[in-house]
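Q:
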Amino acid sequence: MLLQAPFDIAIKIFDLLSPKDLAALSQTSKTYHSIVQKYGWKHYYKEQNWNLLKNPQDTKDDDNEQDWQAKVAFGVTTHKNWARKEFSTTIISSQRQSYLPTLSFDHEKLVCSVGNTLDIFDFAQSSNRRKKNGQPQKINKLKSFIAHHLDITDIALCSDYNELFTCSMDHTIKRWFLDQSITSQIPLAQVYYGHDAPVHSTFQFPYDSSTLFSVSFDGKLCVWNTDTAEMCYSTQVPGIPRAMRGLSNGLIGVGNKSTEHLTLYKVTPNELVRVTSVKGHKSTVYALKSTDLFPHTFLSGCYDSISRLYDLRNNSCVASFKDPFDTNPVFSVDYDRYRVASGSSMHGLIRLWDMRYYKSSNDYSGTLKKGAVRDGWSIFLGKSQNSPVYSLQMSHSRLVAALANQTWMLDFGDGGSGLSSTDSPHSNFHRSRYRSSGERRSYNGGVNAPL
């Protein structure tokens, strides 16, 4: 019957099938096996919309049928590991002195700031054999160099992943080329001058590599031409800026310490037009995030300890996430189609919620904190007990968090598969594993399930 249906209808039937169903269907006959291998796994993978980072310059569409089946297997296993709270941990870097670090990563590299120094790590398989056997990735430190005179405040990886921008307390923005040479220093392409105070944040839309945005404690939101390194125009923002990110529909959001809390600006060829102040925030917005996987939305993290998901189409808060037993501000946030992560201002605490089950009201009394589906869970990152989670980023398989003197990676693709320190060539990389059984465990840290 499936073979007799029009192709577009037959493909839609795949929406109703789980991976187990697809595997069973492929074993019924050679014809069905061919259909599932050629279309089924690929269709299922793309429908899930997992946040699996990949190189946009890679034009190969992975027509290898085995690749799509392997991607589905990895994605499903990783998704189950999130639900079971199974992951491996790696302390990527550790310093004696406390800093205000920031980080950014893509499909192949991780860039971290430690004071005025940039560290660049490579997510690399040691050999094809490790990749085929599904063994965990090694993390190799590629480069480490002093990038600014004073501490780095933000990092922006460009859309093609071959360049990055950094901004600093020294009032400047710098553009760097990510070459493949073995030297520790990477070429400095440009320096942007024009701010009269420390630059807090910088951002570039992935579809416009010729334009860069920045906001500074001087109160200026600036637009730069990356071809000439000259400022195109700027506007004054209310209060003291605390966060700035590009959102959907060509909007720039600026969280600030003022009565507005969050203001939206429309990017036009000649100026930044103030659109509106976003209602619903009751305190300063410290973190902003948007994602192409969930268009027309953005997530904010606030001083009142609440993470709020907004829909830009009606400018309203559609979901909010909070631990009723934690009143500490939110310093960092990230989200995708399936989950929300927020970093607390104290105790190295990361809170996690299932995006699909959210609070529809502002009732945070904790009456549902008994393992209910809407409950979140938390990860306590050990030794830096009084450190905020200054920066975090999440993909489908990884969560990387920067504390004052440590940078952690939680790998849900490994699922707590038993890593040891010998898996890494660097002795300062600490690896461990955790498998949740519903109570607190400790590995220089701990996990609470639920919150």
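Quick note on numbering: the UniProt record's numbering labels position 317 of the sequence shown as 317, and the sequence is numbered without any gaps. No residue lacks a Cβ here, since even glycine has one placed at the ideal position from N, Cα and C. Bear in mind the structure is a predicted one, so any value in this text is a computation, not a measurement.
Count the other C-beta atoms from every protein chain shown that fall within 10 angstroms of the C-beta of threonine 31, then say buried if there are 16 or more, exposed otherwise.
A: For this step, residue 31 is matched to residue 31 along the sequence shown. By the neighbour-count rule (16 or more Cβ atoms within 10 Å), threonine 31 is not buried but exposed.
Q: Over what stretch of residues does the beta strand (DSSP E) that includes glutamine 48 continue unbroken?
A: Residue mapping note: residue 48 aligns to position 48 of the sequence shown, counting from 1. Glutamine 48 -> not in any beta strand (DSSP E); alpha helix (DSSP H) instead, spanning 41-48.
Q: Figure out for me which residue from Lys38, Ala404 and Leu293 has the closest Cα to the Cα of methionine 394.
A: To locate residue 394, count along the sequence shown from 1; it is residue 394. Checking every option, the nearest Cα to that of methionine 394 belongs to Leu293.
Q: For aspartate 21 and valine 389, I'd like the C-alpha separation in whole angstroms.
A: Locating residue 21 in the sequence shown gives position 21, counting from the first residue. Locating residue 389 in the sequence shown gives position 389, counting from the first residue. Roughly 41 Å between the two C-alpha positions.
Q: Give the range of the beta strand (DSSP E) segment to which lysine 30 is assigned.
A: Locating residue 30 in the sequence shown gives position 30, counting from the first residue. Counting along the chain, lysine 30 falls outside any beta strand (DSSP E), though it belongs to the alpha helix (DSSP H) covering 30-35.
Q: Rounded C-beta distance between cysteine 302 and valine 285? I'm assuming under 8 Å.
A: Locating residue 302 in the sequence shown gives position 302, where the first residue counts as 1. Locating residue 285 in the sequence shown gives position 285, where the first residue counts as 1. Indeed they touch by this definition, with Cβ atoms about 5 Å apart.
Q: Quick check: what's the CA-CA separation for methionine 355 versus aspartate 336?
A: Within the sequence shown, the letter at position 355 stands for residue 355. Within the sequence shown, the letter at position 336 stands for residue 336. For methionine 355 and aspartate 336, the distance between alpha carbons rounds to 8 Å.
Q: Among Tyr207, Ala197, Pro19 and Glu163, which one has its Cα closest to the Cα of glutamine 190?
A: By one-based count along the sequence shown, residue 190 stands at place 190. Of Tyr207, Ala197, Pro19 and Glu163, the residue nearest in Cα terms is Glu163.
Q: List the whole-angstrom C-beta distance separating valine 223 from threonine 211, where the pair is believed to meet the contact cut-off of C-beta under 8 Å.
A: The residue given as residue 223 occupies position 223 in the sequence shown. The residue given as residue 211 occupies position 211 in the sequence shown. Between threonine 211 and valine 223 the Cβ distance is about 6 Å, and since that is below 8 Å, they are a contact.
Q: Skipping 5 residues on each side, what residues in its chain have a beta carbon closer than 8 Å to that of glutamine 27?
A: The sequence position of residue 27 within the sequence shown is 27, counting from 1. His33.
Q: Out of Thr117, Lys71 and Ala24, state which residue places its alpha-carbon closest to the alpha-carbon of glutamate 47.
A: One-based indexing of the sequence shown puts residue 47 at position 47. The residue with the shortest Cα to Cα distance from glutamate 47 is Lys71.
Q: Could you tell me if histidine 396 is buried or exposed, where buried requires 16 or more neighbouring beta carbons within 10 angstroms of its beta carbon?
A: Along the sequence shown, read from residue 1 onward, the residue named residue 396 stands at position 396. The residue is buried, with at least 16 neighbouring Cβ atoms inside 10 Å.
Q: For glycine 255, count neighbouring Cβ atoms within 10 angstroms of its own Cβ and tell me buried if that reaches 16, exposed if not.
A: Walking along the sequence shown from the start, residue 255 turns up at place 255. With 16 or more Cβ atoms within 10 Å of its Cβ, glycine 255 is classed as buried.
Q: Might you give, ordered along the chain, the residues of its own chain that have their beta carbon closer than 6 Å to the beta carbon of isoleucine 306, omitting 5 neighbours on each side?
A: Here residue 306 is taken as the residue at index 306 of the sequence shown, counted from 1. If we look at isoleucine 306 and ignore the five residues flanking it on each side, its Cβ neighbours are Ser320 and Lys322.
Q: Looking at phenylalanine 217: is its Cβ nearer than 8 Å to the Cβ of alanine 197?
A: The residue given as residue 217 occupies position 217 in the sequence shown. The residue given as residue 197 occupies position 197 in the sequence shown. In contact: phenylalanine 217 and alanine 197 (Cβ atoms closer than 8 Å).
Q: Tell me which residues share the same chain as lysine 220 and place their Cβ nearer than 7 Å to its Cβ, disregarding the 5 neighbours each side in the sequence.
A: To locate residue 220, count along the sequence shown from 1; it is residue 220. Same-chain partners within the cutoff: His195, Ser234 and Gln236.
Q: For tryptophan 224, write down the residues that DSSP places opposite it in a beta bridge.
A: Counted from its first residue, the sequence shown places residue 224 at position 224. In the DSSP output, where bridge partners are listed per residue, tryptophan 224 has Leu212 and Met231.
Q: Sort Glu271, Lys266, Gly343 and Thr327 by Cα distance to leucine 288 and report the nearest one.
A: Residue 288 sits at position 288 when you count from the first residue of the sequence shown. Minimum Cα distance to leucine 288 is reached at Gly343.
Q: So is serine 316 buried or exposed if we call it buried at 16+ other beta carbons inside 10 Å?
A: Locating residue 316 in the sequence shown gives position 316, counting from the first residue. The residue is exposed, with fewer than 16 neighbouring Cβ atoms inside 10 Å.
Q: Could you give the DSSP three-state label for alanine 10: helix, strand or coil?
A: Reading the sequence shown from its first residue, position 10 is the one you call residue 10. Three-state DSSP puts alanine 10 in a helix.
Q: Should valine 330 be labelled buried (16 or more other beta-carbon atoms within 10 Å of its own) or exposed?
A: The sequence position of residue 330 within the sequence shown is 330, counting from 1. That one is buried.
Q: Keeping to the same chain, check which residues put their C-beta closer than 8 Å to that of histidine 261; ignore five residues upstream and five downstream.
A: Position 261 of the sequence shown, counted from the start, is the residue given in the question as residue 261. Cβ neighbours of histidine 261 beyond the five flanking positions: Gly255, Ser277, Val278, His281, Lys282, Ser283, Thr284, Val285 and Cys302.
Q: Alpha carbon to alpha carbon, how far is alanine 10 from isoleucine 35?
A: Against the sequence shown, residue 10 aligns to sequence position 10. Against the sequence shown, residue 35 aligns to sequence position 35. If you take the alpha carbons of alanine 10 and isoleucine 35, they lie about 10 Å apart.
Q: Would a C-beta distance cut-off of 8 Å place tyrosine 45 and glycine 75 closer than the cut-off?
A: Here residue 45 is taken as the residue at index 45 of the sequence shown, counted from 1. Here residue 75 is taken as the residue at index 75 of the sequence shown, counted from 1. Result yes, Cβ atoms of tyrosine 45 and glycine 75 sit closer than 8 Å.
Q: Are the Cβ atoms of leucine 150 and asparagine 116 separated by less than 8 Å?
A: Locating residue 150 in the sequence shown gives position 150, where the first residue counts as 1. Locating residue 116 in the sequence shown gives position 116, where the first residue counts as 1. Cβ distance < 8 Å, so leucine 150 and asparagine 116 count as in contact.
Q: Confirm, please, whether the CB-CB distance from glycine 348 to serine 387 is below 8 Å.
A: On the sequence shown, residue 387 is found 387 positions in, with the first residue counted as 1. On the sequence shown, residue 348 is found 348 positions in, with the first residue counted as 1. Yes; because the gap between Cβ atoms is below 8 Å, this pair is in contact.
Q: CB-CB under 6 Å to methionine 231, same chain, minus the five flanking residues each way: which ones, in chain order?
A: Locating residue 231 in the sequence shown gives position 231, where the first residue counts as 1. These residues qualify, in order along the chain: Gly194, Cys222 and Trp224.
Q: Could you tell me the boundaries of the beta strand (DSSP E) in which leucine 22 lies?
A: Mapped onto the sequence shown, residue 22 falls at position 22. Here leucine 22 belongs to no beta strand (DSSP E); instead the alpha helix (DSSP H) covers 19-26.
Q: I need the straight-line Cα distance from glycine 253 to tyrosine 99, nearest angstrom please.
A: Counted from its first residue, the sequence shown places residue 253 at position 253. Counted from its first residue, the sequence shown places residue 99 at position 99. Spanning the two alpha carbons is a distance of roughly 26 Å.
Q: Pull up the CB-CB distance for asparagine 81 and phenylalanine 412, whole angstroms please, since I reckon it's below 8 Å.
A: Position 81 of the sequence shown, counted from the first residue, corresponds to residue 81. Position 412 of the sequence shown, counted from the first residue, corresponds to residue 412. Right, the Cβ-Cβ distance comes to about 4 Å (below 8 Å), so this counts as a contact.
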